[in-house]
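Participant: Just so it is clear: in the sequence shown, position 37 is 37 by full-length UniProt numbering, and no numbers are missing.
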Amino acid sequence: MTEPTSYSAELEWLAGGQPFSTQFADVYFSGDAGLDDARYIFLQNSQLSERWALLAPHAHFCIAETGFGTGLNFLAAWQLWDQVAPASAQLHFVSAEKYPLTAQDLHKALNLWPELAALAEQLEAQYSGLAPGWQHFSLANGRVTLTLLIGDLLDTLPQLDAKVDAWFLDGFAPAKNPHMWQPPLFRRMAELSKDNATVATSTCIDDVRSSLQTAGFSVRKVDGVDDKPAILCGERSNQPFAVVWQAPWFARPAPPARSERHALVIGGGLAGCSTAHALARRGWQVTLLERHAELAQEASGNPQGILYAKLSPHHPPLSRFIQGSYQYSLRLLHRELPQTENSWQACGVLQLAKNHKEAERQTQLAEQGYPRDFLYAVSAQQASKLAAVAVENGGLFFPTAGWVNPPALCRQLAHHALISTKPLVEAERLERVDGRWQVINQQGEILASAPVAIICCAHESARFAQSNHLPLKAIRGQITHLPVTTESRSLQTVLCADGYISPARQAQHHLGASFRFDRLDNQVSAEENLSNLDLLEALSPQLANSFADYRSQAADLQARAALRCTAPDYLPLIGPMADPALFVERYSVLAKDASQQPIAAAPWHEDLYVNAAHGSRGLISCPLGGELVAAWITGEPLPLPRDLAEAVHPSRFMLRHLIRGDRADRQKANNRLSPE
Ligand SMILES: Cc1cc2nc3c(=O)[nH]c(=O)nc-3n(C[C@H](O)[C@H](O)[C@H](O)COP(=O)(O)OP(=O)(O)OC[C@H]3O[C@@H](n4cnc5c(N)ncnc54)[C@H](O)[C@@H]3O)c2cc1C
Ligand SMILES: C[S@@+](CC[C@H](N)C(=O)[O-])C[C@H]1O[C@@H](n2cnc3c(N)ncnc32)[C@H](O)[C@@H]1O
Numbered sequence: 001m002t003e004p005t006s007y008s009a010e011l012e013w014l015a016g017g018q019p020f021s022t023q024f025a026d027v028y029f030s031g032d033a034g035l036d037d038a039r040y041i042f043l044q045n046s047q048l049s050e051r052w053a054l055l056a057p058h059a060h061f062c063i064a065e066t067g068f069g070t071g072l073n074f075l076a077a078w079q080l081w082d083q084v085a086p087a088s089a090q091l092h093f094v095s096a097e098k099y100p101l102t103a104q105d106l107h108k109a110l111n112l113w114p115e116l117a118a119l120a121e122q123l124e125a126q127y128s129g130l131a132p133g134w135q136h137f138s139l140a141n142g143r144v145t146l147t148l149l150i151g152d153l154l155d156t157l158p159q160l161d162a163k164v165d166a167w168f169l170d171g172f173a174p175a176k177n178p179h180m181w182q183p184p185l186f187r188r189m190a191e192l193s194k195d196n197a198t199v200a201t202s203t204c205i206d207d208v209r210s211s212l213q214t215a216g217f218s219v220r221k222v223d224g225v226d227d228k229p230a231i232l233c234g235e236r237s238n239q240p241f242a243v244v245w246q247a248p249w250f251a252r253p254a255p256p257a258r259s260e261r262h263a264l265v266i267g268g269g270l271a272g273c274s275t276a277h278a279l280a281r282r283g284w285q286v287t288l289l290e291r292h293a294e295l296a297q298e299a300s301g302n303p304q305g306i307l308y309a310k311l312s313p314h315h316p317p318l319s320r321f322i323q324g325s326y327q328y329s330l331r332l333l334h335r336e337l338p339q340t341e342n343s344w345q346a347c348g349v350l351q352l353a354k355n356h357k358e359a360e361r362q363t364q365l366a367e368q369g370y371p372r373d374f375l376y377a378v379s380a381q382q383a384s385k386l387a388a389v390a391v392e393n394g395g396l397f398f399p400t401a402g403w404v405n406p407p408a409l410c411r412q413l414a415h416h417a418l419i420s421t422k423p424l425v426e427a428e429r430l431e432r433v434d435g436r437w438q439v440i441n442q443q444g445e446i447l448a449s450a451p452v453a454i455i456c457c458a459h460e461s462a463r464f465a466q467s468n469h470l471p472l473k474a475i476r477g478q479i480t481h482l483p484v485t486t487e488s489r490s491l492q493t494v495l496c497a498d499g500y501i502s503p504a505r506q507a508q509h510h511l512g513a514s515f516r517f518d519r520l521d522n523q524v525s526a527e528e529n530l531s532n533l534d535l536l537e538a539l540s541p542q543l544a545n546s547f548a549d550y551r552s553q554a555a556d557l558q559a560r561a562a563l564r565c566t567a568p569d570y571l572p573l574i575g576p577m578a579d580p581a582l583f584v585e586r587y588s589v590l591a592k593d594a595s596q597q598p599i600a601a602a603p604w605h606e607d608l609y610v611n612a613a614h615g616s617r618g619l620i621s622c623p624l625g626g627e628l629v630a631a632w633i634t635g636e637p638l639p640l641p642r643d644l645a646e647a648v649h650p651s652r653f654m655l656r657h658l659i660r661g662d663r664a665d666r667q668k669a670n671n672r673l674s675p676e
């Protein structure tokens, strides 16, 4: 067995309650002076009061920090932001952290600062079990966003897509942590900086000063604090540095000057409601269009869905995407949707090993040192105890996951003063007229118009002329509703493997789910009720036995069928839309030589985005998908690593098609879309 990597900070507590890192043999801040020091070193030396007081309404400001530690600098900045920035402006704080503090340690450290208590409480309410990767937080009703890059910053910063206004260069004394203070860090800082970006740090050693200068910052010494006679601060000088080629097909569309912050979101399922919500939290007006009378009537209409984060120990893009978005979904649920018997329950999810291969995958994951409040391995006996029903296999336990009623979540997300929902409208066409997207129905009437539009219509997302190249496929699924039994009433956690069952909601379990590629209707089928009962048998023969009588009544069981929407690589499609014909024309050189580096900008459809193909895990991927779309639109830092933003980018299939002549994606999708 390999020794687990430690993902968490290892601390000792000095007299006065000051945290001390045993990994770096250094203090996080200087005793009682910690908050005053943070204000002087980072806020004052970056002239934040003055800069923020001058911000225009709706402006964005991005701070990037090396070393989140206890979050003290973050909270000090947030407090100042509240005091001086315009009410409509947005602060995005990005911080790299190799060893996050546990929630308990963070609480203990922040308890030292009573005047930050109200902000610390908001942070702590969302801070738990931080696994490696990008961890995204939306705070202060959306006015403050925090993205933590968990991992070594030499690995994470190259994947950051952001335009930084101010750098807080923290990270323990260079003598205690030479690994971090290296030229690649300073070069990357320069690449990510806006022209007038500032830098502030509590060190003033010559190596750091000259490295910052070499990277293109002009720095000066200012009065120090505590035992430091001087510290450094400065600005990015406009020295040119070598421009690195970036693939234009994944680049950010140039943000237009906006006089109107209004978006149309088409589709009122989890993807549409998450997108509308993410934009409204940023002060955007949203018109949410849905063809049914109510939100969440199609795939998002099941009474219970589960938060099923199926991870791979080898961390391919899909697994990394799931990991980050799963933790964001949990934060969003805790923030937005009070737990009730009807809405959602963080009752824990047991992922049971259905065979030897699965058990091996789970063992490898469990050995990777994830925080225990994220996941841990359990034997069959432990799993049975947690579930309070007998199961025959061990597996992984996700103690903070659970089940959700997706319609309740959709309604809650859309319940925002800036979101106006238009039911019973079906979009047939999209037209760009005078810098606005018009949504037009079958009769040719304009249903709504706004400068920005986001297509969130699941498998119907490819019905518009601008999106009909998207290789979407629909996969039918059915859940079976079972009345609670004496035996099943005791179930305490979600059980899942190929199928799933949750503790009862309104005296019913909702057993999931079938996968059918051969039909696209939503008539319930007895055969799929039976196959769902088979899936239950594999989870817990004891539970299955308590429902045994229903096997003979499969045709009469209550059930619900709907269509999932997936892409050929099972990753969602989230991001800006480009014109496929012009795309081929502009980048045709790649068909002959994929190593070419064309520089022509991609033929974007101005301000048109998509958020779809969430497969069988929309509860996990839609909320972060909404944040990602909002970040693309507003020009904020992307809430996930650049390679993952590209892995879910809607243009990826056009690119593969060009490079590999790969028509298989579209072909596969077509095969799946046509019923037998
Ligand atoms: C049987 C089954 C079980 C599932 N179990 C789980 C689970 O346990 N956990 C989990 O995370 N996920 C689960 N999923 C997947 C999850 O439900 C989906 O990933 C998620 O609902 C997708 O949300 P969406 O908004 O993209 O799609 P949808 O909910 O289908 O929403 C799309 C919306 O767009 C509207 N629309 C489409 N075209 C137009 C138009 N032209 N004009 C206006 N409106 C339009 C539709 O009416 C619909 O409301 C399950 C899915 C199924 C089918
Ligand atoms: C002095 S503490 C930061 C204090 C913090 N800014 C605060 O407000 O509490 C330095 C932090 O840098 C982190 N760190 C050190 N080396 C790192 C690296 N290579 N990548 C990311 N984080 C690192 C440490 O784990 C530690 O949390």
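Cβ atoms here follow ideal geometry from the backbone N, Cα and C, with glycine treated the same way.
#1: Output the distance between the C-alpha atoms of residue 664 and residue 111, rounded to the nearest integer angstrom.
#2: When DSSP labels each residue in this structure, what does residue 108 get in the three-state scheme?
#3: What would DSSP say about residue 334, mapped onto helix, strand or coil?
#4: Would the C-beta of residue 609 count as close to ligand 3, meaning under 7 Å from any of its heavy atoms?
#5: Between residue 274 and residue 635, which are expected to be in contact by the criterion C-beta below 8 Å, what is the C-beta distance as a whole number of angstroms?
#6: DSSP state of residue 321, grouped into three classes?
#7: With residue 64 as the anchor, note down where its beta strand (DSSP E) starts and where it stops.
#8: Reducing DSSP to helix, strand and coil, say where residue 624 ends up.
#9: Sort 580, 284, 204 and 157 by Cα distance to residue 187 and report the nearest one.
#10: Is residue 345 near ligand 1 - that is, is its Cβ less than 7 Å away from at least one heavy atom of it?
#11: Is residue 28 near ligand 2, in the sense that its beta carbon is under 7 Å from a heavy atom of that ligand?
#12: How do the region 82 to 100 and the region 138 to 152 stand: do at least 3 beta-carbon pairs fall below 8 Å, yes or no?
#13: Quick one: residues in its chain with C-beta nearer than 6 Å to the C-beta of residue 651, no 5 flanking neighbours on either side, listed in chain order?
#14: Drop a sphere of 10 angstroms on the beta-carbon of residue 424, count the other beta-carbons inside from all chains shown, and report buried for 16 or more, exposed for fewer.
#15: What did DSSP end up calling residue 503 once you bin it into helix, strand or coil?
#16: Tell me the rounded alpha-carbon separation between residue 78 and residue 218.
#17: My output table needs one value for residue 275: the three-state DSSP class, helix, strand or coil.
#18: If you reduce the DSSP assignment to three classes, tell me which class residue 13 lands in.
#19: From 80, 139 and 584, pick the residue whose C-alpha is nearest to that of residue 655; which is it?
#20: Using C-beta distances below 6 Å, list every residue in its chain close to residue 285, excluding the 5 sequence neighbours before and after it, in chain order.
#21: By DSSP's criteria, residue 611 is part of a beta bridge. Which residues make up the other side?
#22: Please go through the region 542 to 576 and give each complete alpha helix (DSSP H) segment of 4 or more residues, from N-terminal end onward.
#23: Using the rule of at least 16 other Cβ atoms within 10 Å of the residue's Cβ for burial, across every protein chain shown, is residue 33 buried or exposed?
#24: Nearest by alpha-carbon distance to residue 719: which of 404, 472 and 513 is it?
#25: Which residues share a DSSP beta bridge with residue 450?
#26: With a Cβ-Cβ cutoff of 8 Å, do residue 295 and residue 450 count as a contact?
#27: On a CA-only basis, which of 546, 534 and 326 is nearest residue 488? Give me that one, please.
#28: Report the option in 328, 499, 658 and 233 whose CA atom is closest to the CA atom of residue 136.
#29: Decide if residue 661 is buried, meaning its Cβ has at least 16 other Cβ atoms within 10 Å, or exposed.
#30: For residue 172, which three-state DSSP category applies?
#31: Would you say residue 152 touches ligand 2, meaning its beta carbon is less than 7 Å from a heavy atom?
#32: Within 10 Å of its beta-carbon, does residue 674 have 16 or more other beta-carbons around it, so buried, or fewer, so exposed?
#33: Grab the span of the beta strand (DSSP E) containing residue 267 for me, first residue to last.
#34: Going by the beta-carbon positions, is the gap between residue 313 and residue 365 smaller than 8 Å?
#35: Start and end of the beta strand (DSSP E) containing residue 422?
Facilitator: With the structure as the only source:
#1: Indexing the sequence shown from 1 puts residue 664 at position 664. Indexing the sequence shown from 1 puts residue 111 at position 111. Only weak support is given to the placement of residue 664: the predicted model assigns it a pLDDT of 48, under 50, and the value that follows is read from those uncertain coordinates. Whole-angstrom Cα-Cα distance: 57 Å.
#2: Here the question's residue 108 lines up with position 108 in the sequence shown. In the structure shown, residue 108 sits in a helix (DSSP, three-state: H, G or I).
#3: Numbered from 1 along the sequence shown, position 334 holds the residue referred to as residue 334. If DSSP states are grouped into helix, strand and coil, residue 334 belongs with the helices.
#4: Ligands displayed in this structure: ligand 1 and ligand 2; ligand 3 is not among them.
#5: Taking the first residue of the sequence shown as 1, we reach residue 274 at position 274. Taking the first residue of the sequence shown as 1, we reach residue 635 at position 635. 20 Å between Cβ atoms; not a contact.
#6: Counted from its first residue, the sequence shown places residue 321 at position 321. Three-state DSSP puts residue 321 in a helix.
#7: Taking the first residue of the sequence shown as 1, we reach residue 64 at position 64. Where residue 64 is concerned, the enclosing beta strand (DSSP E) starts and stops at 60 to 66.
#8: Position 624 of the sequence shown, counted from the first residue, corresponds to residue 624. Residue 624: helix per DSSP, three-state reduction.
#9: Within the sequence shown, residue 187 is the residue found at index 187, counting from 1. If we check each option's Cα against that of residue 187, 157 comes out closest.
#10: Within the sequence shown, the letter at position 345 stands for residue 345. Incorrect: residue 345 has no Cβ contact closer than 7 Å to ligand 1.
#11: Within the sequence shown, the letter at position 28 stands for residue 28. Yes; taking the cut-off as 7 Å, the Cβ of residue 28 has a heavy atom of ligand 2 nearer than that.
#12: yes
#13: Your numbering for residue 651 matches position 651 in the sequence shown. Contacts found: 249 and 578.
#14: Here the question's residue 424 lines up with position 424 in the sequence shown. It counts as exposed.
#15: Numbered from 1 along the sequence shown, position 503 holds the residue referred to as residue 503. Correct three-state label for residue 503: coil.
#16: As a first step, residue 78 is located in the sequence shown; it is residue number 78 there, counting from the start. As a first step, residue 218 is located in the sequence shown; it is residue number 218 there, counting from the start. In a straight line, the C-alpha of residue 78 is about 26 Å away from that of residue 218.
#17: The residue you call residue 275 lines up with position 275 of the sequence shown. In the structure shown, residue 275 sits in a helix (DSSP, three-state: H, G or I).
#18: Residue numbering aside, residue 13 sits at position 13 when the sequence shown is read from its first letter. Residue 13: strand per DSSP, three-state reduction.
#19: Taking the first residue of the sequence shown as position 1, residue 655 is located at position 655. For residue 655, the nearest C-alpha among the options comes from 584.
#20: Here residue 285 is taken as the residue at index 285 of the sequence shown, counted from 1. Only 262 and 418 meet the Cβ criterion.
#21: Your numbering for residue 611 matches position 611 in the sequence shown. Residue 611 is bridged to 574.
#22: none
#23: Within the sequence shown, residue 33 is the residue found at index 33, counting from 1. So residue 33 ends up on the exposed side.
#24: The structure shown does not extend to residue 719, since the chain spans only 1 to 676, so no value can be given for it.
#25: Locating residue 450 in the sequence shown gives position 450, counting from the first residue. Residue 450 pairs with 437.
#26: Stepping through the sequence shown from its first residue, residue 295 is reached at position 295. Stepping through the sequence shown from its first residue, residue 450 is reached at position 450. Not closer than 8 Å, so no.
#27: Looking up residue 488 in the sequence shown gives position 488. Of the listed residues, the one whose Cα sits closest to residue 488 is 546.
#28: For the purposes of this step, residue 136 is taken as the residue at position 136 of the sequence shown. Selected option, being the one with the closest Cα: 328.
#29: Within the sequence shown, residue 661 is the residue found at index 661, counting from 1. Exposed, because fewer than 16 other Cβ atoms sit within 10 Å of the Cβ of residue 661.
#30: Residue 172 sits at position 172 when you count from the first residue of the sequence shown. Residue 172: coil per DSSP, three-state reduction.
#31: Taking the sequence shown and counting its residues from 1, the one referred to as residue 152 is at position 152. Yes, the beta carbon of residue 152 sits closer than 7 Å to at least one heavy atom of ligand 2.
#32: Here residue 674 refers to the residue found at position 674 when the sequence shown is read from its first residue. Note that residue 674 has pLDDT 30, beneath the 50 cutoff, so the model's placement of it is unreliable and the number below is only indicative. Residue 674 is exposed by the Cβ-count criterion.
#33: Here the question's residue 267 lines up with position 267 in the sequence shown. Premise fails: residue 267 is in no beta strand (DSSP E) and is neither H nor E.
#34: Taking the first residue of the sequence shown as position 1, residue 313 is located at position 313. Taking the first residue of the sequence shown as position 1, residue 365 is located at position 365. In terms of Cβ geometry, residue 313 and residue 365 form a close pair [threshold 8 Å].
#35: Along the sequence shown, one-based indexing puts residue 422 at 422. 419 to 422 is the span of the beta strand (DSSP E), which, as asked, contains residue 422.
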